[in-house]
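Student: For the sequence shown, the working numbering puts the final residue at 1207, and the numbers step up evenly by one. By construction, the Cβ of each residue, glycine as well, lies at the ideal position given by its N, Cα and C atoms. Computed from a predicted structure; not experimentally measured. Pasting in a structure now, in structure tokens, and then I'll have a few things to ask.
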Amino acid sequence: MYKATKIRLYPNKSQEQKLAQDFGNARKVWNLALDLKQKAYASGELLSCYDIKKMLPAWKSGEYDYLKQTHSQVLQESILHLDRAYKNAFARVKQGKRATSKRTKNNNVFGFPVFKSKYDSRQAISYPQGVTVASSKITLPKIGQIKACVHREIVGKIKTVTISRESTGKYYASILADNFKPISEPLQSFDVAMVIGVDLGVKDWIVDSTNNKLPNPHHLKKSLKKLHKLQKDLSRKIEAAKARCIADGKPMKEQRNYFGSNIAKDKKRVALAHEKVRHARQNYQHQVSNVLANENQVVVAETLNIKEMMANRKLSKAIGDCAWSGFLNQLDYKLKAKGGQLVQISTWFPSTKTCNHCGVINEHITLKHRTWTCRSCQTTVDRDINAALNIRAAGIVKLKAAGLSVYAHGGHVRLDPVDQAAAFEVGSLRVYA
Ligand SMILES: [Zn+2]
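Here it is in structure tokens:
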């Protein structure tokens, strides 16, 4: 099984320079290859990854002799990445799926590769082999030993190592290693006690079917005030710089080189503030997903329609802060690693309005009802816990429909009222308005 580990690097000044040169050279090769691909495509030809790799020696001995300073496999990897980026973009075109990356400006909705610039906030190179990791250092070909904080032992064979410089100016190495452990076989039968339903919300971040409520930590909200001030400072300085350009009659492009200026310092401050929020959020999400994945075989959640929710401007900031899709991804791979699974059910399932005791839909429920009493069986339920129980039941129905078995201890699977509530997916329900 492949496992990725990201570690922080602390290069010294001369190593930083060497890395900057390598970032630049890898970028040059990317841009040359992209230019060739685009021209070939315009004249109705297709250039393969192999065709472009063959041109590398000519580039090195000719016009771009500085490319020799960089490890040759780093340059080849750059061409390989471009090829993969094209394949992914074509796959998205085929599926009619828009790209979600930031590189979707100028109607590039499918995220076709674009030219890279030294002003891009993130710079990176990849090594397919030749990198070794020790307890407090990493050794890169042609660069040598770089001080590193290896917080977790790298087990198995290193596949690829990506070195990056982020917008915060910090350096990282992402190490992908194969530990030769087989991936767990997907389970065919599940213990009903290890199936949990979760309702994702804005007020309470997660409510699960075992009566647990986790409050929304609001990582972004807390730091928002600080971020606002930093961003205001930055944009004021950029506006001033632009105004100076116009006054001096200079083209704007020259002014993009802000290195060492106050603008560069401000940009770094903004990036650091964003990073702090991101790390706090990721940390929290990992803790929660670890607990859920360790204690359960199956987690059932609703399919999120993030785009639709984000379109609601009032809710969008709160929802962006909740970052559920990243969290569900974590849950998915953590459960799969041990044979379990994440089951997602339709957004249209009336999880909130269905009574988990008798299965009747109570149409009178609105957002303001935190608890409500079922008009049919008179049970008073907590809105979110009721929803989580219904989501869990719908998940069990879905597992069974997929031919998997869900068993209870004692051998006999009892169809509890919770299962009835989910019966809407199989049959019809009485509606009690
Ligand atoms: Zn009821």
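Smallest Cα separation from S983: which of A1167, G918, S1009?
Tutor: A1167
Student: Are at least three pairs of beta-carbons, each pair with one atom in the region 959 to 979 and one in the region 1004 to 1024, less than 8 angstroms apart?
Tutor: no
Student: Going straight from the alpha carbon of H1186 to that of G1169, what length do you get?
Tutor: A caution first: H1186 carries a pLDDT of 43, below 50, which makes its placement in the model too unreliable to give a value.
Student: Ordered along the chain, which non-local residues of its own chain (more than five positions away) have a Cβ less than 8 angstroms from that of N1070?
Tutor: M968, V969, I970, L1109, G1114
Student: Fully enclosed by the region 1013 to 1076, which beta strand (DSSP E) runs are 3 residues long or longer?
Tutor: 1072 to 1076
Student: Do you know offhand how far G870's Cα is from A859's?
Tutor: 16 angstroms
Student: Which residue spans inside the region 877 to 905 form an unbroken beta strand (DSSP E) run of at least 3?
Tutor: Counting only runs of 3 or more, we get 897 to 901.
Student: Taking a contact to mean a Cβ-Cβ separation below 8 angstroms, would you say L1241 touches N1136 in this structure?
Tutor: Residue 1241 lies beyond the stretch modelled for the chain, which goes from 775 to 1207, so this question has no answer here.
Student: Assuming V924 and S900 make a contact with CB atoms under 8 angstroms, what is their CB distance in whole Å?
Tutor: In fact, because the Cβ distance is near 19 angstroms, the residues do not count as touching under 8 angstroms.
Student: Is T1153 near ligand 1, judged by its Cβ being under 7 angstroms from some heavy atom?
Tutor: The answer is yes for T1153.
Student: Spell out the partners DSSP gives R1145 in its beta bridges.
Tutor: In the sequence as presented, Arg is not what sits at residue 1145; that position holds Thr. Per DSSP, D1156.
Student: According to DSSP, simplified to helix, strand and coil, what is R858?
Tutor: helix
Student: At the level of alpha carbons, what is the spacing between V883 and L1116?
Tutor: 29 angstroms
Student: Whose C-beta lies closer than 7 angstroms to the C-beta of S958 among residues of the same chain, with five residues either side of it excluded?
Tutor: Excluding sequence neighbours, S958 sits near A1111, K1112, G1113.
Student: For a test of the three-state rule: what should DSSP assign to L998, helix, strand or coil?
Tutor: helix
Student: Is N986 helix, strand or coil when you go by DSSP?
Tutor: coil
Student: Does DSSP put Q1118 in a helix, a strand or coil?
Tutor: strand
Student: Does DSSP classify Y840 as helix, strand or coil?
Tutor: Helix at Y840.
Student: Would you identify the three-state DSSP class for C923, choosing helix, strand or coil?
Tutor: strand
Student: Taking the alpha carbon of F954 as the point to measure from, which residue in L1173, H1053, M775 has its own alpha carbon closest?
Tutor: M775
Student: Could you please give me the residues that DSSP links to T1128 through a beta bridge?
Tutor: I1135
Student: Nearest-angstrom Cα distance between L1105 and N1064?
Tutor: Roughly 8 angstroms between the two C-alpha positions.
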